[in-house]
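To start, the structure under review is shown below, and the notes come after it.
Protein chains: 2
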Amino acid sequence: MAEATIRDVARRAQLSVATVSRALNGFENVSELARERITAAVTELGYVPHAGARSLSLSRNNAIGVVLPDLHGEFFSEIVRGMDREASRRGYLLLLSNLHAGGAQAANALRAMRGRVDGLIVMAPHLGVDELSAALPRGLPSILINTRDGSGQFPAIHLDNAAGVRAVVDHLAALGRKRLVHIAGPSENIDAQEREVAFLAAVAAQRLHGRVVAGDFEMESGEAAIRQLMTEGARFDAVFAANDNMAIGALETLRAAGVRVPEDVAIVGFDDIPLARHIGITTVRVRIAELGERALQRLVDGLIEDGGGDELHAPELVIRATTDPKANG
Amino acid sequence: MAEATIRDVARRAQLSVATVSRALNGFENVSELARERITAAVTELGYVPHAGARSLSLSRNNAIGVVLPDLHGEFFSEIVRGMDREASRRGYLLLLSNLHAGGAQAANALRAMRGRVDGLIVMAPHLGVDELSAALPRGLPSILINTRDGSGQFPAIHLDNAAGVRAVVDHLAALGRKRLVHIAGPSENIDAQEREVAFLAAVAAQRLHGRVVAGDFEMESGEAAIRQLMTEGARFDAVFAANDNMAIGALETLRAAGVRVPEDVAIVGFDDIPLARHIGITTVRVRIAELGERALQRLVDGLIEDGGGDELHAPELVIRATTDPKANG
DNA sequence: ACGTTCTATGTAACCGGTTACATGAGCCAG
DNA sequence: CTGGCTCATGTAACCGGTTACATAGAACGT
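First to last, the protein sequences are chains A and B.
Using the working numbering, read the first sequence as starting at 13 and increasing by one per residue.
Using the working numbering, read the second sequence as starting at 13 and increasing by one per residue.
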């Protein structure tokens, strides 16, 4: 037995498909009698409308495509959660496609969205804007997240790394710290790049001494960075890691070496992962879920009035015990 | 300018839509000349096939619907990652729908999938099988994850909590531990329930002393549980927490009180979150991504040969420093 | 009584693909 | 030269909804 269609319902209710369609979509001009016969037929047949067919005839899918690169746990789940929250609020579904491979593979993934979704949220840090605009189906509204797009060709949302970094450096300067160390993230990561550049700029602006050491966003690289600095006998009174993981590694290594935090050395991270809160690390809170939420919001709103331009998503400094001895927990 | 359709391409290439369709789908019986004219027209018009229309006429979507409850970070991202990995391998997309609210809301979410996807992966711990089968569109292949379904009405995959717990208790017994404490998870959580029940059964089987204290999967509840036990002056030589978070809380609290781990008290968690590995906590590794991968696999394979029945996904004991003093880190 | 308006319903075209079947050209054997 | 075969191509129906337009019957005013 194949699935019941609207024509089956119409036949059973002894009405036309038009009337059935109108009844199911809550139009006014349907008699009470017809309505009853239709509801009866629907339940008897177990009829469920075919969303695909509906989309085709309405040219509207009530779905948003989400194209993400392979990204690590928390960021992924948080950004999707944010999108989902806003999507379900507005009655949209999310069509997910992870971009493992690059090149033609990526282009295909984007094309496969045509005719299934009303808009696209794309996060493709390793794709250039020219490649993107070549691969994106024409006329499919798209918004970019954390993707470099100087051209302003697409609406975009970025994390405002510079603002976050400035807040950190200003905070450290206000505490009287003079010699700052930045443990950078992986060099191919765009956020890591921006944080490093912003660090150097902010340090210069505050006329402090700044130094950058390499890291890779993993906890171990934070430990390694500190061990290296101590072996060198480097002097510093503050460490600003490009993410919380490395800040935790740095904290443990310093404490293990008998350095007092924050008295001798202040430590700041980035991201505000749950563990940072638990340990009490001063950090920059990135509301990732909000980023996703906002992207979906702008996209769906933009389906009506096309708003271009970039938007910066400001993070927020959270002061805890690794810079402020009075902070609790 | 509206989107180009296959008819536009046909007109431009001076051929019929049938020929264009055949050429685009790689049929043999298309002349070289036609093929060239079509490729030219396609690039000139920037034509991208309309996946929705294609699905309608093929009655095939190349998409799988994923319906999940609100679940916390790691579990969500891992399970989706696993599904996505397998999906993109097989050329499927994932249509995501989070089940925030229950009742009619949930039923609608399931219905909205009809005609968009070829199958459904459902994780709905708070929905009964009867509600589910009422809400699920008839004829849409579905597989259940971690959902109680005594009826065997749907194919299902469960995490084998009992096996994991038995491995833990056997391990502790082999180490000579006699008095075990289980810090349970939230009582409405099905995995937490199963772990608690299995703990009591395993302890009885090994003729050990077992006690259960309440927890809620958060780190703080692990700390609280231990504090309470110590206040009471309870005696125990092993703590088995229903997840790693609580195990970490327990570990910190015990160490802070000067109790030696593992010499005085052994500690075991569940899940194997990254932090557990870093700290060196003995735990039960749940390959969540594999669970998702397997669900998608079975679903897609089952689209051909309908295989019902339950499947248990076995976890694996990972022995680390909180039970074995010789284990490194 | 009649024309007008209103309302519920029906008919059929359309969304953008796929494909069964029809057609006509080219080729070869007899 | 003709019948039969192969093969590229075209025509039109179909997937399952929506909806512009047509229509019939009821209600209403004069």
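We put the CB at the ideal spot given by N, CA and C, even for glycine.
With 16 other Cβ atoms within 10 Å as the buried cut-off, status of residue i
i              : result
L303 (chain A) : buried
D284 (chain B) : buried
L422 (chain B) : Beyond the ends of chain B as shown, which are 13 and 341, falls residue 422 (chain B); an answer cannot be given.
F282 (chain B) : buried
P153 (chain A) : buried
A75 (chain A)  : buried
T243 (chain B) : exposed
S10 (chain A)  : Shown here, chain A extends from 13 to 341; a query on residue 10 (chain A) therefore has no answer.
R150 (chain A) : exposed
Residue i to residue j span [Cα, whole Å]
i              : j              : result
R128 (chain A) : S69 (chain A)  : 12 Å
G176 (chain B) : Q240 (chain B) : 26 Å
E40 (chain B)  : V29 (chain B)  : 16 Å
G341 (chain B) : D313 (chain B) : Below a pLDDT of 50, predicted positions are generally treated as unreliable, and G341 (chain B), at 47, falls in that range; the measurement from the model is reported next regardless. Between G341 (chain B) and D313 (chain B), the C-alpha separation is close to 41 Å.
P327 (chain A) : G227 (chain B) : 33 Å
R66 (chain B)  : R126 (chain A) : 11 Å
T55 (chain A)  : L148 (chain B) : 13 Å
E323 (chain B) : K338 (chain B) : 36 Å
R247 (chain B) : A121 (chain B) : 50 Å
V277 (chain B) : V271 (chain B) : 7 Å
F166 (chain A) : D249 (chain A) : 43 Å
A262 (chain B) : A237 (chain B) : 7 Å
I50 (chain A)  : V21 (chain A)  : 7 Å
E143 (chain A) : R23 (chain A)  : 51 Å
V42 (chain A)  : G103 (chain A) : 25 Å
V298 (chain A) : E264 (chain B) : 28 Å
L107 (chain A) : A259 (chain B) : 36 Å
S109 (chain B) : D96 (chain B)  : 14 Å
Q218 (chain A) : P274 (chain A) : 20 Å
S71 (chain A)  : G38 (chain A)  : 19 Å
A288 (chain B) : T159 (chain B) : 27 Å
R19 (chain B)  : P61 (chain B)  : 11 Å
H170 (chain A) : H325 (chain A) : 6 Å
Q309 (chain A) : V32 (chain B)  : 38 Å
I91 (chain A)  : A113 (chain B) : 20 Å
Below-7 Å beta-carbon distance, residue i vs any chain A residue
i              : result
G341 (chain B) : In this prediction, G341 (chain B) has a pLDDT of 47, which is less than 50 and means its spatial position is unreliable; nothing more can be read from the coordinates.
S71 (chain B)  : no
S233 (chain B) : no
F39 (chain B)  : no
G85 (chain B)  : yes
F349 (chain B) : There is simply no residue 349 (chain B) to check, as chain B begins at 13 and stops at 341 in what is shown.
S28 (chain B)  : no
E143 (chain B) : no
D228 (chain B) : no
S89 (chain B)  : yes
D20 (chain B)  : no
Proximal residues to residue i (C-beta, below 7 Å), its chain only, five neighbours per side dropped
i              : result
N173 (chain A) : D203, E206, R207 and A210
R16 (chain A)  : Before going further, note that residue 16 (chain A) is Ala rather than Arg in the sequence given. So the list reads L57, G58 and Y59, once near-sequence residues are dropped.
S145 (chain A) : Q165
M231 (chain A) : N257, M258, I260 and G261
G234 (chain A) : I195, G227, A253, N257, M258, A259, I260, G261 and A262
Contacts around residue i, its chain only, beta-carbon distance under 6 Å, and the 5 residues preceding and following it disregarded
i              : result
A118 (chain B) : L111
T294 (chain A) : V280, I331, R332, T334 and T335
L9 (chain B)   : Given a span of 13 to 341 for chain B in the structure shown, any question on residue 9 (chain B) remains unanswerable.
V193 (chain A) : R223, F248 and V251
I157 (chain B) : M135, I169 and A307
G188 (chain B) : none
Residue-chain proximity (residue i, chain B), Cβ-Cβ < 7 Å
i              : result
A124 (chain A) : yes
H62 (chain A)  : yes
S154 (chain A) : no
A65 (chain A)  : yes
S109 (chain A) : yes
D283 (chain A) : no
R128 (chain A) : yes
R150 (chain A) : yes
L80 (chain A)  : no
A147 (chain A) : no
The ligand SAM heavy atom lying under 6 Å from the CB of residue i
i             : result
G94 (chain B) : With respect to the ligand SAM, the structure offers nothing, as it holds no ligand at all.
Close beta carbons around residue i, own chain, < 8 Å, minus the five adjacent residues each side
i              : result
G131 (chain B) : I76, G77, L152, P153, S154, I155, L311, V312, G314 and L315
F87 (chain B)  : I300
Stretch pair the stretch 211 to 218 of chain B + the stretch 180 to 191 of chain B: three plus CB contacts closer than 8 Å: yes
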